[in-house]
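Below is one structure, written out as structure tokens; comments come after it.
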Amino acid sequence: MPSLQENIHRVQKAIQTAAARQQKLPDEITLVAVTKTFPAALVNQAIRLGIRHIGENRIQEARLKLPQVDRAAARHFIGHLQRNKVKYAVKLFDIIQSVDNIGLAEEINARCAKISRKIPVLVEVNTSGESSKFGCLPGEALTLLKALDRLPNLSPRGFMTIAVFSEDPERVRPCFKLLKEIFDEAQGLPLENANINTLSMGMSSDYEIAIAEGATMVRIGTAIFGERQEQVEELAD
328 MPSLQENIHR
338 VQKAIQTAAA
348 RQQKLPDEIT
358 LVAVTKTFPA
368 ALVNQAIRLG
378 IRHIGENRIQ
388 EARLKLPQVD
398 RAAARHFIGH
408 LQRNKVKYAV
418 KLFDIIQSVD
428 NIGLAEEINA
438 RCAKISRKIP
448 VLVEVNTSGE
458 SSKFGCLPGE
468 ALTLLKALDR
478 LPNLSPRGFM
488 TIAVFSEDPE
498 RVRPCFKLLK
508 EIFDEAQGLP
518 LENANINTLS
528 MGMSSDYEIA
538 IAEGATMVRI
548 GTAIFGERQE
558 QVEELAD
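Position one of the sequence shown corresponds to residue 328 (the working numbering), numbered consecutively onward.
Here it is as structure tokens:
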């Protein structure tokens, strides 16, 4: 079985190769290691091996684990965020990637105001059309972005999506192309708080396709850590 170090190196090498095909430097692609279900000790080992961004998707797990995790890595929330969990998210994470409605955005803004914080956020867009996935409709993405831009404690940075799951690249690719079109259109908007520089798309099974379609950030879990482990014990609210 490959070691964690070997897995990280393999993923970094694949990112470098995919970036080079697009005439990009490797450091133009941010690697977020998805650490959900993996223990703090393993996460800290990955950080010692050079991982500088980690992603969690469950607030309950993050509340237990992140206090034990090295602060050398930026912390991304990448899962569906319920409004009653926002009070924890704004204290635990450096960026929230999954803002998909104005009600959630307003709650994040209000909670950040209470702790004098401005937090980077991404608009999550459902590019696959699957009802099982979260995210705003593609046609609503720019309207939501403009609404987020008016909230003083939010700093919109771009967009995130989860593509349709398929081994056929030509089924996956349209999801990424669609988000890139939205991203490009956003560049021309007259925004005040936003700095649109992040296109978060691509996971272990499709990140090389995502980079080919313009991703600036990929979220990789299984290719680094292996198959998911059992969920950790949950905290009550």
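The C-beta atom is built at its ideal place from N, Cα and C for all residues, glycine as well. Please read all numbers here as calculations on a predicted model, not as lab measurements.
- [ ] Spell out the partners DSSP gives F503 in its beta bridges.
- [x] Its beta-bridge partners do not exist; DSSP assigns none.
Task: Cβ pair I422, P447 closer than 7 Å - done: yes
Task: Under the three-state DSSP convention, the category V370 falls into - done: helix
Open item on the list: Measuring straight from C-alpha to C-alpha, what distance separates S532 and V370?
Closed with: 21 Å
Task: Range covered by the beta strand (DSSP E) that runs through R546 - done: M544 to I547
Open item on the list: Can you give me the C-alpha to C-alpha distance between G462 and L449, rounded to a whole angstrom?
Closed with: 11 Å
Open item on the list: Here's the rule I'm using: 16 or more other beta-carbon atoms within 10 Å means buried, otherwise exposed. How should S458 be labelled?
Closed with: That one is exposed.
Open item on the list: Using only CA atoms, which one of N411, K414, R385 and Q395 lies nearest to H403?
Closed with: H403 has its Cα closest to that of R385, out of N411, K414, R385 and Q395.
Task: Exposed unless 16 or more other CB atoms sit within 10 angstroms - verdict on T470 - done: exposed
Task: Cβ pair count under 8 Å reaching 3, the segment 426 to 441 against the segment 371 to 385 - done: no
TODO: Leaving out five residues on either side along the sequence, give the residues of the same chain with a beta carbon under 8 Å from the beta carbon of P329.
DONE: R337.
Open item on the list: Between which residues of its own chain and A542 is the CB-CB distance below 6 Å, once the five residues before and five after are set aside?
Closed with: L526, M528 and G529
Open item on the list: Please report the distance separating the alpha-carbon of T362 from that of L419.
Closed with: 14 Å
- [ ] For my contact list, T454 and L505 are in at a C-beta cut-off of 8 Å; report their separation, rounded to the angstrom.
- [x] 5 Å
Task: Selected residue, minimal CA-CA separation from I489, among Q349, L431, I356 and M544 - done: Each of Q349, L431, I356 and M544 was checked against the Cα of I489, and the nearest Cα belongs to M544.
Task: Reference A367; option with closest CA among I374, L472, E535 and Q395 - done: Nearest of I374, L472, E535 and Q395 to A367, Cα basis: Q395.
TODO: Helix, strand or coil for V417, going by three-state DSSP, please let me know.
DONE: helix
Open item on the list: With the cut-off set at 7 Å, would you say I435 and V413 are in Cβ contact?
Closed with: yes
Open item on the list: Just verifying my parser: in three-state terms, what is the DSSP assignment at V338?
Closed with: helix
Task: Bridge-paired residues (DSSP) for M487 - done: E451 and S527
Open item on the list: Counting C-beta neighbours from all protein chains within 10 Å, is the total for N411 16 or more, i.e. buried, or is it exposed?
Closed with: exposed
Open item on the list: Do A345 and E508 have their beta-carbon atoms positioned less than 7 Å apart in this structure?
Closed with: no
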